[in-house]
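Before any comments, here is the structure.
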Amino acid sequence: MSIGALSTPYQAEFDANSQEFSLAGVIRPRTVDEIAASVTALRHAVEGARGVLYINVKRLAQMNNTAFHAFARVVLDACRARSDLRFVVVTSSVVGWTERMFRHLGKIEPQISVEVYDSKFYPGQDFVEDTSFIPILRTQTKMTWRHERTILPRHGMRAGIAMADICCGIGDFAALVRKEFRPARIVALDHSRASLAYARNVAAEFGITDIEYTYGDASEMLLESDQFDLVTCRHSLQIFNQPDVLLKELFRICKPGGRVYITNEKNSHCLGEPRSQSIQWTYEEVAKLFSHFEMDVELGPKSRRYLADAGFEDIRVESFMVSNLDGDPQDFADIIAAWENVYAGEMAVKRGDSPEFIRRFRQGFQDHIFAALHPKGYAGWPIWAASGRKPL
Amino acid sequence: MSAARAKANFEPLIELEMEMGTFLSDWDHCDHLSSFMARMISHNRTDPVRHSNFFSSALNELLEVTFRGGLPEGRIGCTVYRQGPKERVKLTFPCPPSQRQFYREAVSKTREQDAYDRYLDAISNDLAPSREVILLDLAINFEAEISLEEKTSPSITLVVDLPLEGIIS
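Residue numbers (the numbering used here), protein chains in the order written: chain A, 1 to 392; chain B, 1 to 169.
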């Protein structure tokens with residue numbers, strides 16, 4: 001249910017299947033009467049629950065003490081009446097005060113515990129947030145930027161706009177955009193504290209003070225709705241297990257008439273000559289490997305469908321090939337070497353692949369590097385850039 | 001207020017003043033003012049979005065305290081200062097003599113040793129949070145240092161130091 005009695009609507013929902021009561025938005029009532037329906041809904045949820053009832057507040061941006069006491073009252077009363085029932089409050093690591101407030105409940109009734117929703121809830125995020133990946137991310141952006149700097153104006157990039165770079169990683173794309181296009185405001189959000197720390201250090205070294213780096217969960221952002229002319233999200237839908245949820249958030253924070261720009265890969269289409277067959281086999285296996293960890297690195301050509309399903313109009317899709325001919329071939333080779341280390345050295349091992357498989361898997365990467373560095377060779381990494389306009 | 005704290009060099013960031021009658025005309029003023037001021041003062045914090053969210057949460061509670069005990073005469077003033085990782089909120093509002101003692105005691109209790117026990121007791125037993133509990137909430141969940149200034153009778157000033165930059169980082 002979406003409750004509009006307060007100035008800012010909030011959501012209170014109960015999912016009986018997962019026994020999860022969720023509160024989201026801003027809940028700042030003057031009196032308990034204003035949220036009586038939601039408090040009653042929680043009471044009913046408690047009455048019908050068995051075992052564990054989850055109280056999900058990870059999308060709760062604000063809640064005043066009046067509301068906190070009212071909902072806490074229901075849970076505490078239930079603990080006293082129902083020794084068979086446990087409560088797990090799921091908070092977000094992004095919204096700091098929720099964990100602080102709700103943790104007190106466990107001090108009063110041990111049946112109540114708090115779990116902080118973090119990257120561990122996303123399959124495969126440990127791999128993509130690994131700090132050892134940072135140097136190679138810089139090289140990747142350097143190579144894709146050669147193409148994107150000419151592509152971006154076709155997707156809404158221009159001077160003076162307010163833009164958000166969601167899943168900004170180490171922030172180098174935001175810094176390049178700032179220099180090249182001079183937007184009026186840039187917010188750069190990521191879920192990796194290590195990447196953000198790196199981004200802030202780099203910004204400080206270059207005297208950049210006007211990029212707002214923020215820690216956040218891209219699928220549940222604190223950013224307000226309808227505030228950015230352009231929202232960029234690069235190479236990230238493909239590594240979320242629910243890209244549609246992420247796209248919904250990008251749509252939400254985009255101004256009506258503004259655009260959301262996404263880039264994604266189709267890894268099985270990575271290619272090279274010579275040794276094309278070995279390369280092709282390995283990248284087809286890369287796609288399967290990511291799929292095992294609930295990530296779709298084949299998403300690129302599906303961008304149009306995702307954007308359409310999310311409600312965008314005027315959808316534009318194009319693709320470009322990053323290759324060993326873009327500047328120094330060694331840069332391309334370094335990227336592939338980093339992929340080999342993570343995909344074959346960590347992910348395949350975690351999946352439980354045999355040494356024989358991993359050896360063949362590695363060979364494809366080695367052959368891709370061989371092609372990249374070969375004086376007559378060609379090595380490519382295709383990327384799809386797409387954007388859609390949020391209807392007015 | 002300690003001597004060291006009095007000497008601290010807090011730089012003003014933003015100041016807001018309005019008629020109490022206007023402020024009290026709409027409950028949503030608490031939400032709107034806290035959100036606006038939080039956004040304004042947080043833009044150059046390390047993590048502007050999260051700092052703004054945290055700060056808005058604290059300031060809204062303070063404004064709600066003022067709203068609930070407010071009288072429609074005089075003016076409400078809210079100034080935010082900064083010193084390093086700390087923001088200071090000075091909230092000045094008309095306060096009848098009958099309520100002054102209440103604020104003195106409520107502020108004093110935020111510094112007492114049993115503050116946390118009383119806070120838990122209030123969550124555990126009270127049907128709704130009192131203004132005293134809200135000040136405890138600020139002291140406990142936002143690590144606020146709260147004091148009271150009574151120089152501008154008939155108004156009083158709640159002085160709340162919030163070390164949110166450190167908490168968020």
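Backbone N, C-alpha and C define an ideal beta-carbon position, used for all residues, glycine too.
Along chain B, which residues have their Cβ under 9 Å away from the Cβ of residue i?
i, result
"A/N65", "E61, E64, A128, P129, V133, I134, D137"
"A/R158", "The contacting residues do not exist; A/R158 stays about 22 Å from chain B at best."
"A/V187", "P48, V49"
"A/V26", "D31, S35"
"A/A222", "The question names Ala, but residue 222 of chain A in the sequence shown is Leu. Going along chain B in sequence order, the residues near A/L222 (Cβ under 9 Å) are V49, R50, S52, N53."
Mind listing the chain A neighbours of residue i? Cutoff is C-beta to C-beta under 8 Å, in chain order.
i, result
"B/L120", "H104, K107, I108"
"B/T46", "R200, Y213"
"B/S124", "L76, I108"
Do residue j and residue i have their beta-carbon atoms positioned less than 8 Å apart in this structure?
i, j, result
"B/I123", "A/A72", "yes"
"A/L271", "A/Q277", "no"
"A/G388", "A/F320", "no"
"A/N65", "A/V90", "no"
"B/T92", "B/G69", "no"
"A/W384", "A/V297", "no"
"A/I239", "A/M295", "yes"
Rounded to whole angstroms, what's the CA-CA distance from residue i to residue j? Just pull it up for me.
i, j, result
"A/R234", "A/A184", "20 Å"
"A/F121", "A/S93", "In this prediction, A/F121 has a pLDDT of 49, which is less than 50 and means its spatial position is unreliable; what the coordinates show is noted afterwards. Taking the straight line from one Cα to the other gives about 12 Å."
"A/H69", "B/P129", "7 Å"
"A/Y378", "A/A371", "6 Å"
"B/C95", "A/F87", "42 Å"
"A/Y343", "A/T282", "10 Å"
"A/I134", "A/L246", "23 Å"
"A/Y198", "A/T141", "15 Å"
"A/A45", "B/D28", "29 Å"
"B/F142", "B/L162", "7 Å"
"A/I358", "A/F365", "11 Å"
"A/S192", "A/E220", "15 Å"
"A/R149", "B/V160", "47 Å"
"A/P153", "A/N241", "29 Å"
"A/D84", "A/R103", "20 Å"
"B/T152", "B/K109", "23 Å"
"B/E145", "B/E105", "14 Å"
"A/V26", "B/H32", "11 Å"
With DSSP as the reference, identify every bridge partner of residue i, one or two as the case may be.
i, result
"B/Y119", "None, per the DSSP bridge assignment."
"B/K86", "B/Q83"
"A/W381", "A/V322"
"B/P94", "B/S155"
"A/F21", "A/F14, A/I55"
"B/E15", "B/T79"
"A/Q62", "A/V26"
"A/N264", "A/W384"
Please list the partners that residue i has in chain A, where partner means a Cβ-to-Cβ separation under 7 Å.
i, result
"B/I167", "G96"
"B/I76", "Under the 7 Å cutoff, chain A gives no residues; its nearest Cβ is about 17 Å from B/I76."
Of all the options the options, which has the alpha carbon lying nearest to the alpha carbon of residue i?
i, options, result
"B/N53", "B/L71, B/R39, B/N44, B/E149", "B/R39"
"A/R30", "B/E64, B/E149, B/P72", "B/E64"
"A/R50", "A/V39, A/A16, A/A37", "A/A16"
"A/A393", "A/F206, A/R103, A/V32", "Past the boundaries of the shown model lies residue 393 of chain A; chain A is included only from 1 to 392, so the question cannot be answered."
"A/D331", "A/D309, A/P301, A/V74, A/I369", "A/I369"
"A/T98", "A/S113, A/D367, A/M163, A/A61", "A/A61"
"A/Q398", "A/N341, A/R252, A/K376", "Lying outside 1 to 392, the shown extent of chain A, residue 398 of chain A is not represented and no answer is given."
"B/L136", "B/R88, B/Y116, B/S56", "B/Y116"
"B/E173", "B/E132, B/Q99, B/R111", "A question about residue 173 of chain B goes unanswered here, because the residues of chain B that appear run from 1 up to 169."
"A/F293", "A/C254, A/K266, A/M347", "A/M347"
"B/R45", "A/C168, A/S303, A/T139, A/V187", "A/V187"
Name the chain A residues that come within less than 9 Å of residue i, Cβ to Cβ?
i, result
"B/F54", "V95, G96, W97"
Using the beta-carbon of each residue, which ones in chain B are nearer than 8 Å to residue i?
i, result
"A/L392", "Within 8 Å Cβ-Cβ: nothing; A/L392 doesn't reach chain B, min ~25 Å."
Below 7 Å on C-beta distance, what does residue i contact in chain B?
i, result
"A/L60", "Under the 7 Å cutoff, chain B gives no residues; its nearest Cβ is about 11 Å from A/L60."
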